[in-house]
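Just so we're aligned: 121 in this note's numbering is position 119 of the sequence shown, and the numbers increase by one with no gaps anywhere. For each residue, glycine too, the CB sits at the ideal point set by N, CA and C. Please read the structure below before turning to the comments.
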Amino acid sequence: MKGSFRKRGNTWSFTIDIGIDPATGKRQQKSKSGFRTKKEAQNAAATMITEIEKGIYFDDKQLTVLDVWEKLKPLRKAELKITSYEKDMSLVRLYILPPFSYKKIKSIKPVMIQSYYAELKEKGLSNGTISNIHRCLRCIFKHAVEWEIIHENIMNKVKKPREEQGEMKTWSSEECNRFLQYLKEKNIKYHMFFLLAIYTGMRRGELLALTWKDIDFDNKRILVNKSLVKTEKGLFKAATKTKSSNRSISISSFVIG
3 MKGSFRKRGN TWSFTIDIGI DPATGKRQQK SKSGFRTKKE AQNAAATMIT EIEKGIYFDD
63 KQLTVLDVWE KLKPLRKAEL KITSYEKDMS LVRLYILPPF SYKKIKSIKP VMIQSYYAEL
123 KEKGLSNGTI SNIHRCLRCI FKHAVEWEII HENIMNKVKK PREEQGEMKT WSSEECNRFL
183 QYLKEKNIKY HMFFLLAIYT GMRRGELLAL TWKDIDFDNK RILVNKSLVK TEKGLFKAAT
243 KTKSSNRSIS ISSFVIG
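Structure (structure tokens):
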């Protein structure tokens, strides 16, 4: 298997004859262009020949969004916490693969993505959800660039929807006290849970992961270093989201009893 090389203008190209297609009887060739020197073209041709002979060559012109996602999936699983990975898996499965799955990644244009965002908005999706879809698409195209499947990340030309800042509604001290008093009379376990939540600001998962070892009764402190998370495989305790989430919280005598 050999390659032929040609210079057109200031760039070089190569063509490799890979034999006859048994299904059609037609001659098969692979070619690439845009190399600055003949040496670059020769190196690229040698790499392609090796990949074809080993059976690991793929034609990046034919790669679909699904193909790139399947290659990216194990990397994302290794990089992300299980909850973040499952969230992204859900977004890709529900909102990215249905419209783009079998489209060649090189054929996707910014206007296609922008129009899709408008459709999602009309269907009632929040800007926050569309922003997360945007993040997943950006990641897919970013890796396609790094793997030299495409030349640029088209997502740089797609406008992300502005996330809406909803008004946060909070209870007054009187409302909190009435709620806690009600729980104290009806369910002491819930009372303790929400008492800690209100007076420490801990997240739900952090509260559910607490053990007796995490509570320093003498110094009136709670150590926060893990969280209970729910995945497709069930519940398990995991490290907190970030290093800054690991903290020691001071609690009053009123809370600790």
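Alpha carbon to alpha carbon, how far is residue i from residue j?
i, j, result
"R164", "M91", "23 Å"
"R29", "R140", "38 Å"
"T66", "I98", "12 Å"
"A46", "G21", "19 Å"
"V160", "Y119", "10 Å"
"E150", "K75", "18 Å"
"S255", "E166", "40 Å"
"K34", "S15", "6 Å"
"M1", "R206", "The shown model of the chain, from 3 to 259, leaves out residue 1, and the question about it has no answer."
"T172", "N221", "30 Å"
"T13", "D19", "21 Å"
"T242", "R180", "31 Å"
"A199", "S174", "15 Å"
If I measure Cβ to Cβ from residue i and keep anything under 6 Å in the same chain, skipping five residues before and after, which residues do I get?
i, result
"H136", "K162"
"K123", "none"
"T202", "I251"
Quick check on the DSSP output: the beta strand (DSSP E) that includes residue i runs from which residue to which?
i, result
"K239", "G236 to A241"
"F181", "Segment S175 to K188 is the alpha helix (DSSP H) holding F181; no beta strand (DSSP E) there."
"S252", "R249 to S252"
"S6", "G5 to R10"
Mind checking which residues open and close the alpha helix (DSSP H) that includes residue i?
i, result
"L82", "Segment: none, L82 is in no alpha helix (DSSP H) and carries neither H nor E."
"R137", "N129 to E148"
"G207", "R206 to L210"
"V94", "Where V94 is concerned, there is no enclosing alpha helix (DSSP H), given that its DSSP letter is neither H nor E."
"Y104", "First-last for Y104: undefined, no H or E at that position."
"T49", "K40 to K56"
"S255", "S255 to I258"
"I115", "P112 to E124"
Going by beta carbon distance, what residues of the same chain come within less than 7 Å of residue i, once the five residues before and after it are set aside?
i, result
"Y104", "T66 and L68"
"L93", "N134, I135 and C138"
With which residues is residue i paired in a DSSP beta bridge?
i, result
"I22", "R29"
"F217", "For the record, residue 217 in the displayed sequence is Ile; it is not Phe. DSSP output for I217 lists I224 as bridge partner(s)."
Considering only residues of the same chain and omitting the five flanking positions on each side of residue i, which have a CB-CB separation below 8 Å?
i, result
"P101", "Y118"
Are there three or more Cβ pairs, one per stretch, closer than 8 Å when the stretch 67 to 87 is compared with the stretch 124 to 133?
-> No: fewer than three Cβ pairs fall under 8 Å.
Mind the definition here: the stretch 108 to 126 touches the stretch 35 to 54 only if three or more C-beta pairs lie below 8 Å; say whether that holds.
-> No contact exists between the stretch 108 to 126 and the stretch 35 to 54.
On the three-pair Cβ rule with 8 Å, is the stretch 226 to 241 touching the stretch 203 to 217?
-> Result yes; three or more Cβ-Cβ pairs closer than 8 Å.
Does the stretch 219 to 226 come close enough to the stretch 242 to 256 to have 3 or more Cβ pairs within less than 8 Å?
-> Segments in contact, yes.
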